Amino acid sequence: MTGGNDVRVFNGIERGEFTSCRFSSSGRAINGFTRSAFSACRFTGIGKEALYRSGNGGGATSSITGCTFKNFGQDDGEPAIRFGGSQNHRVSVTGNSLRSTNGADNDIVLENNANCILVSGNWCDDGISATVGGARIGSPRNVVSKVVGNSSNPVGFDRSAPSVPDGLGSDNSRANLNAQGAWVHHDGSGVSINAFGSRHSLSVDASPVFVPRAGEIYFEEEPPSSWDWWWV
Numbered sequence: 339m340t341g342g343n344d345v346r347v348f349n350g351i352e353r354g355e356f357t358s359c360r361f362s363s364s365g366r367a368i369n370g371f372t373r374s375a376f377s378a379c380r381f382t383g384i385g386k387e388a389l390y391r392s393g394n395g396g397g398a399t400s401s402i403t404g405c406t407f408k409n410f411g412q413d414d415g416e417p418a419i420r421f422g423g424s425q426n427h428r429v430s431v432t433g434n435s436l437r438s439t440n441g442a443d444n445d446i447v448l449e450n451n452a453n454c455i456l457v458s459g460n461w462c463d464d465g466i467s468a469t470v471g472g473a474r475i476g477s478p479r480n481v482v483s484k485v486v487g488n489s490s491n492p493v494g495f496d497r498s499a500p501s502v503p504d505g506l507g508s509d510n511s512r513a514n515l516n517a518q519g520a521w522v523h524h525d526g527s528g529v530s531i532n533a534f535g536s537r538h539s540l541s542v543d544a545s546p547v548f549v550p551r552a553g554e555i556y557f558e559e560e561p562p563s564s565w566d567w568w569w570v
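Just so you know, my numbering puts 477 at position 139 of the sequence shown, and the rest follows in order with no gaps.
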């Protein structure tokens, strides 16, 4: 399907190809898809998720590229794109623009052991959630999914900074639980970063300092009195 079509809703798409189409729906625009491609499409006025895929084997070899998502999740703050289940093999979500005024915590959500997904080069006003069956992107349960090179509102709706540590050492660490790294501006000293199984001690007054996704930050000399986190 190509060009200027005003599409309301599809359920259970297989081998669908959509180019420069317009989608609107009071519920989900696409409810289940596999081996499908969405290119330069526009999703606006969506009541729930624009693209939703759950269950095992869903979404296989699909791509979502160069699409615009605006005013989605109007009912309960749902994301624009949600993947659940498992075996979402060779799915790519790249170069899309996701902007909404619904107060959603995240624009893209990967959950419940979704795997084999690339999310790269997207602009997300409200960020990306990649907690997958209790495990984060890059964990053994989700090792083949990658969330890289996305931009976002630095302090979006779900981008509240963790509480400032009230003590020293690793027992008072704070974790970056988002799927994007963050620059932390602080006034503490003796900074240590624990990321990907390795600890790195930085100079006494290092600020800002980068905390990778799933990384932890703590202080050996003096905890900060305040800090700001900027996700990139």
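Note that the Cβ used here is the ideal one computed from N, Cα and C, for glycine as well. In this text, all values refer to a predicted model and were calculated from it rather than measured experimentally.
Proximity winner among the options, relative to residue i (alpha-carbon distances)
i, options, result
"S508", "A533, G383, T357 and T403", "A533"
"T403", "S377, K386 and A513", "S377"
"R360", "F371, R353 and I384", "I384"
"T382", "E416, F410, I455 and G415", "F410"
"R512", "E554, R373 and E558", "E554"
"T357", "T372, R380, I351 and S363", "R380"
"S362", "Q412, W569 and A552", "Q412"
"A520", "R537, S458 and F548", "F548"
"W461", "A418, A499 and S501", "A418"
"G422", "S498, F371, D414 and G459", "F371"
"V502", "I351, S458, S564 and I368", "S564"
"W568", "N516, S536 and Y556", "N516"
"Q518", "G365, I368, I466 and G459", "I466"
"G459", "C405, N510 and T399", "C405"
"H523", "S539, S536 and A499", "A499"
Which of helix, strand or coil DSSP assigns to residue i
i, result
"N460", "coil"
"N369", "strand"
"S508", "helix"
"E387", "coil"
"S563", "coil"
"G422", "coil"
"S392", "coil"
"L515", "coil"
"N491", "Residue placement at N491 is poorly supported in this model, since its pLDDT is 45, which falls under 50; the coordinates still yield a value, given next. Coil."
"T498", "Reading the sequence as shown, one finds Ser at residue 498 and not Thr. Here S498 sits in coil by DSSP."
"E352", "strand"
"R474", "For R474, the pLDDT reaches just 42, beneath the cut-off of 50, and the residue's location in the model is therefore unreliable, leaving the point undetermined."
Integer Cβ distance of residue i from residue j, believed to fall under 8 Å
i, j, result
"A436", "F407", "In the sequence as displayed, the identity of residue 436 is Leu instead of Ala. At roughly 4 Å, the Cβ-Cβ gap stays under 8 Å, so L436 and F407 are in contact."
"P561", "G505", "6 Å"
"D464", "N444", "6 Å"
"S530", "E559", "No, S530 and E559 are not in contact; Cβ-Cβ is about 10 Å, not under 8 Å."
"S401", "A375", "5 Å"
"L456", "S430", "5 Å"
"L550", "N514", "It should be noted that the sequence gives Pro, not Leu, for residue 550. Indeed they touch by this definition, with Cβ atoms about 7 Å apart."
"K386", "E355", "Wrong, their Cβ atoms sit about 23 Å apart, outside the cutoff."
N-terminal and C-terminal residue of the beta strand (DSSP E) that residue i is part of
i, result
"G383", "R380 to I384"
"A533", "S527 to A533"
"R360", "R360 to S363"
"E554", "E554 to E560"
"L540", "Segment: none, L540 is in no beta strand (DSSP E) and carries neither H nor E."
"E355", "E355 to T357"
"T406", "T406 to K408"
"L448", "I446 to L448"
"T432", "V429 to T432"
"T399", "Where T399 is concerned, there is no enclosing beta strand (DSSP E), given that its DSSP letter is neither H nor E."
"S435", "S435 to R437"
"A520", "A520 to H524"
"A375", "A375 to S377"
"V502", "Counting along the chain, V502 falls outside any beta strand (DSSP E), and DSSP gives it neither H nor E."
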